[in-house]
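Visitor: One structure, pasted below without further comment.
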Amino acid sequence: MWRRMLLVLPLALSLAWPVRAEPGPAAAVQALHEALLAAMRQGKELGFAGRFEQLAPSIVEAFDLDLMARLAAGPAWGKLNAQEQQEVAASFRRYSIANYAARFTDDTGMRFELVGQREQDGLGTLVETRLLPGDGTPVTLTYLLRRRDDGWRAIDVYLAGTISELAVRRAEFATVLGREGVGGLVKLLDQRSAEMAKRD
1 MWRRMLLVLP LALSLAWPVR AEPGPAAAVQ ALHEALLAAM RQGKELGFAG
51 RFEQLAPSIV EAFDLDLMAR LAAGPAWGKL NAQEQQEVAA SFRRYSIANY
101 AARFTDDTGM RFELVGQREQ DGLGTLVETR LLPGDGTPVT LTYLLRRRDD
151 GWRAIDVYLA GTISELAVRR AEFATVLGRE GVGGLVKLLD QRSAEMAKRD
């Protein structure tokens, strides 16, 4: 009898305790927004370098930056060797983090509002949000997320619901890659990251 109870007990316990649900796409976006607001509250004290360091883990967690680098490079990506792909991905990662560290500099009463989410024709899930400045016109930011084995990651952001950040990058990267190659693209991204740091 005791042996039967010992065999049944683990199963009973597993049924009694609910399995923690994986955070959905909206929760992933909300976590990013909370990290941005937290960095803004200490923005002046941290400076650009401090905001970059504080935001880096949250940006890497929120976005599939390696996939975004590949998509932004377009067909040229397949022509790059492994080392060149790594160089482009690393520069794109630094540039992406620098962008957020440069944009969210100080606490001006800004906040984010979640509007809703919907499936996007098998491409992923769209999470629509509004950025509400302390004094200014609200801006619609829509994130396109895809589910990976380790959770939801954004692969694009649409400004005003229509302007794809990834599409803008892709057009620009294609021009630079075609004209100056990998070295030119890496140099461009690193220069822009450095310029954003100097503006702080």
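The sequence shown begins at 1 in the working numbering and counts up by one. Beta carbons: idealized from backbone N, C-alpha and C, even for Gly.
Helix, strand or coil: which one does DSSP assign to residue 50?
Guide: Helix.
Visitor: What whole-angstrom Cβ distance do residue 114 and residue 26 have, given they're in contact under 8 Å?
Guide: Yes, they are in contact, since the Cβ atoms of residue 114 and residue 26 sit about 6 Å apart, within 8 Å.
Visitor: In this structure, does DSSP put residue 195 in helix, strand or coil?
Guide: Note: residue 195 maps to helix in three-state DSSP.
Visitor: Thinking C-alpha only, which one of 105, 88, 72 is nearest residue 50?
Guide: Comparing Cα positions, the closest option is 105.
Visitor: Relative to the alpha-carbon of residue 163, which residue among 144, 178, 34 has its alpha-carbon at the smallest distance?
Guide: Ranking 144, 178, 34 by Cα distance to residue 163 puts 144 first.
Visitor: If the criterion is Cβ atoms closer than 8 Å, does the pair residue 76 and residue 167 meet it?
Guide: Contact flag unset, no.
Visitor: At which residues does the alpha helix (DSSP H) containing residue 92 begin and terminate?
Guide: Unbroken alpha helix (DSSP H) run through residue 92: 82-103.
Visitor: Just the C-alpha distance for residue 203 and residue 95, rounded to the nearest angstrom, thanks.
Guide: No answer is possible for residue 203: it lies beyond the span of the chain, which begins at 1 and ends at 200.
Visitor: Name the one or two DSSP bridge partners that residue 63 has.
Guide: DSSP output for residue 63 lists 154 as bridge partner(s).
Visitor: Can you say whether residue 228 is buried or exposed, counting buried as having 16 or more other CB atoms within 10 angstroms of its CB?
Guide: In the structure as shown, the chain starts at 1 and stops at 200, and residue 228 therefore has no counterpart that could be examined.
Visitor: Residue 123 lies in the beta strand (DSSP E); which residues open and close that run?
Guide: Counting along the chain, residue 123 falls outside any beta strand (DSSP E), and DSSP gives it neither H nor E.
Visitor: Name the two residues that bound the continuous beta strand (DSSP E) containing residue 142.
Guide: From DSSP, the beta strand (DSSP E) with residue 142 extends over 139-148.
Visitor: Is there contact between the segment 57-73 and the segment 83-101, where contact requires at least three CB pairs shorter than 8 Å?
Guide: Yes, the segment 57-73 is in contact with the segment 83-101.
Visitor: For the alpha helix (DSSP H) that residue 30 lies in, which residues bound it at each end?
Guide: Segment 25-41, the alpha helix (DSSP H) holding residue 30.
Visitor: What did DSSP end up calling residue 116 once you bin it into helix, strand or coil?
Guide: In this structure, residue 116 counts as strand in the three-state DSSP scheme.
Visitor: If we call anything under 8 Å between Cβ atoms a contact, is residue 68 one with residue 92?
Guide: Yes, they are a contact pair.
Visitor: If you drop the 5 nearest sequence neighbours on each side, which residues of the same chain put their C-beta closer than 8 Å to that of residue 196?
Guide: Hits under 8 Å: 48, 98, 99, 101, 102.
Visitor: Comparing C-alpha positions only, which one of 79, 90, 141 sits nearest to residue 193?
Guide: It is 90.
Visitor: Determine the closest residue to residue 121 out of 146, 177, 109, with distance taken between C-alpha atoms.
Guide: Of the candidates 146, 177, 109, the one whose C-alpha sits nearest the C-alpha of residue 121 is 146.
Visitor: Just grab the DSSP bridge partners of residue 127 for me.
Guide: Answer by DSSP bridge pairing, in chain order: 117, 143.
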